[in-house]
Amino acid sequence: MTRVSWVTAFVDLPPELHEAGTRFWAGVTGYAVSPPRGQDAEFTTLVPPVGDPFLTIQRTGACDGSGTGPALHLDLHVTSAPEAADRAVGLGAELVHRSEHGYVVLRSPGGFTFCLVHEPLAQRPFPTRWPQQHESIVDQVSLDVAADGYESECGFWSALTGWPVRRSVSRPELRHLVRPDGIPIRLLLQRLDEPDPGPVTGHLDLACDDRPTEVARHVGLGASVVADHGGGWTTLRDPTGALYCVTDRDPRSGLGR
Numbered sequence: 006m007t008r009v010s011w012v013t014a015f016v017d018l019p020p021e022l023h024e025a026g027t028r029f030w031a032g033v034t035g036y037a038v039s040p041p042r043g044q045d046a047e048f049t050t051l052v053p054p055v056g057d058p059f060l061t062i063q064r065t066g067a068c069d070g071s072g073t074g075p076a077l078h079l080d081l082h083v084t085s086a087p088e089a090a091d092r093a094v095g096l097g098a099e100l101v102h103r104s105e106h107g108y109v110v111l112r113s114p115g116g117f118t119f120c121l122v123h124e125p126l127a128q129r130p131f132p133t134r135w136p137q138q139h140e141s142i143v144d145q146v147s148l149d150v151a152a153d154g155y156e157s158e159c160g161f162w163s164a165l166t167g168w169p170v171r172r173s174v175s176r177p178e179l180r181h182l183v184r185p186d187g188i189p190i191r192l193l194l195q196r197l198d199e200p201d202p203g204p205v206t207g208h209l210d211l212a213c214d215d216r217p218t219e220v221a222r223h224v225g226l227g228a229s230v231v232a233d234h235g236g237g238w239t240t241l242r243d244p245t246g247a248l249y250c251v252t253d254r255d256p257r258s259g260l261g262r
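Everything in the sequence shown is counted per the numbering used here, starting at 6 for the first residue and increasing by one.
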């Protein structure tokens, strides 16, 4: 088992979308934007008023010329990135890059990019309380997995982290990993209807205690509603074109109500 002490979600945006995406997610979370860092000033972190950061915006295309659209990847914080990487490869991951700076880039069996890093963070932020007197927080990454590879992907992430898999009682296409206390991001695995739509992708989910009010707040920040799923969640599109969800889960526990 690889001991994962923290999870950071990276919103990866091409240069032409970076400013709009940073402004939007800073507004959604209520977090401050850190000064840029990195070789090409490509990283900015969303900094909560209390607690350690767990959301980072990365401007893509600065070094590799990829110029791709919005995407998402994860950093798993571990004691030893090289040792954890060897274990991940043994479980079916693909090694992409071992950095001289100590982090390792891999892809899951279904093709989802993640990094193993050594950066000790520990204090999970509380949900943000808004003037409308409700609370919300980004607290989940949903991995969207083709039906053909769903069992393999669920098994991989559970084996890598040591976190048990729990099935949804009412929605058989959903499973989540039971994160330890203090971890800011929960992993949900969603089985898609298509047998093979391509590599596994990911999107952000928020938990809140007043979904209509929270959705209206997001629309005011520039999001558009894609679908209201009634008792459960609303799917939105942010100003960069990326999909994400606002859910009825408890913003403090992350569990359904």
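Even glycine gets a Cβ: it sits at the ideal position worked out from N, Cα and C.
Element boundaries [alpha helix (DSSP H), containing residue i]
i: H23; result: 20–34
i: T218; result: 216–226
i: T166; result: 155–166
i: D45; result: D45 -> no alpha helix (DSSP H), and no H or E assigned at all.
i: D255; result: No alpha helix (DSSP H) holds D255; DSSP gives it neither H nor E.
Residue environment, residue i, which counts as buried when at least 16 other CB atoms sit within 10 Å
i: G26; result: buried
i: T118; result: buried
i: V205; result: buried
i: S147; result: buried
i: S141; result: buried
i: V101; result: exposed
i: E99; result: exposed
i: T65; result: buried
i: G207; result: buried
i: E158; result: buried
Terminal residues of the beta strand (DSSP E) in which residue i lies
i: H106; result: No beta strand (DSSP E) holds H106; DSSP gives it neither H nor E.
i: S5; result: An answer regarding residue 5 cannot be provided, because it is not within the stretch 6 to 262 covered by the chain.
i: A232; result: 229–233
i: Q137; result: Unbroken run through Q137: none, as it is neither H nor E.
i: V277; result: Limits of the chain in this structure are 6 at one end and 262 at the other, which puts residue 277 out of reach.
i: Q63; result: 60–64
i: T239; result: 238–242
i: Q128; result: Premise fails: Q128 is in no beta strand (DSSP E) and is neither H nor E.
i: R171; result: 170–172
i: L193; result: 191–196
7 angstroms CB neighbourhood of residue i in its chain, flanking five on each side removed
i: G70; result: Its pLDDT being 40, under 50, G70 is placed unreliably in this model, and the coordinates cannot settle the point.
i: D233; result: T239
i: G227; result: F29, P244
Own chain, CB closer than 8 angstroms to residue i, minus 5 neighbours either side, in chain order
i: S258; result: none
i: T84; result: R8, S10, H123
i: R191; result: D144, Q145, V146, H181, L182, R184, G259
i: S173; result: L179, R180, H181
i: A127; result: S10, W11, D57, G187
Sequence-distant residues of the same chain with beta carbon closer than 6 angstroms to residue i, five excluded per side
i: A76; result: D17
i: P169; result: V183
i: G261; result: R254
According to DSSP, residues forming a beta bridge with residue i
i: H123; result: In DSSP, H123 forms no bridge with anything.
i: G207; result: L148
i: W11; result: H82
i: V52; result: A37
i: D17; result: Q63, A76
i: E99; result: R112
i: A212; result: I142, T252
i: T133; result: S141
**Item:** Cβ contact check for the region 99–119 and the region 239–254: 3 or more pairs under 8 angstroms
**Value:** Inter-segment contact for the region 99–119 and the region 239–254 is absent: fewer than three beta-carbon pairs are separated by less than 8 angstroms.
**Message:** For the pair the region 147–164 and the region 196–212, tell me if three or more CB-CB distances fall below 8 angstroms.
**Reply:** Yes, since at least three Cβ pairs between the region 147–164 and the region 196–212 fall closer than 8 angstroms, the two stretches touch.
**Asked** Looking at C-beta atoms only, is the number of pairs between the region 205–221 and the region 247–254 that lie closer than 8 angstroms three or more?
**Response** Yes: at least three Cβ pairs fall under 8 angstroms.
**Prompt:** Looking at C-beta atoms only, is the number of pairs between the region 89–98 and the region 50–61 that lie closer than 8 angstroms three or more?
**Reply:** Fewer than three Cβ pairs drawn from the region 89–98 and the region 50–61 lie within less than 8 angstroms of each other, which leaves the two stretches out of contact.
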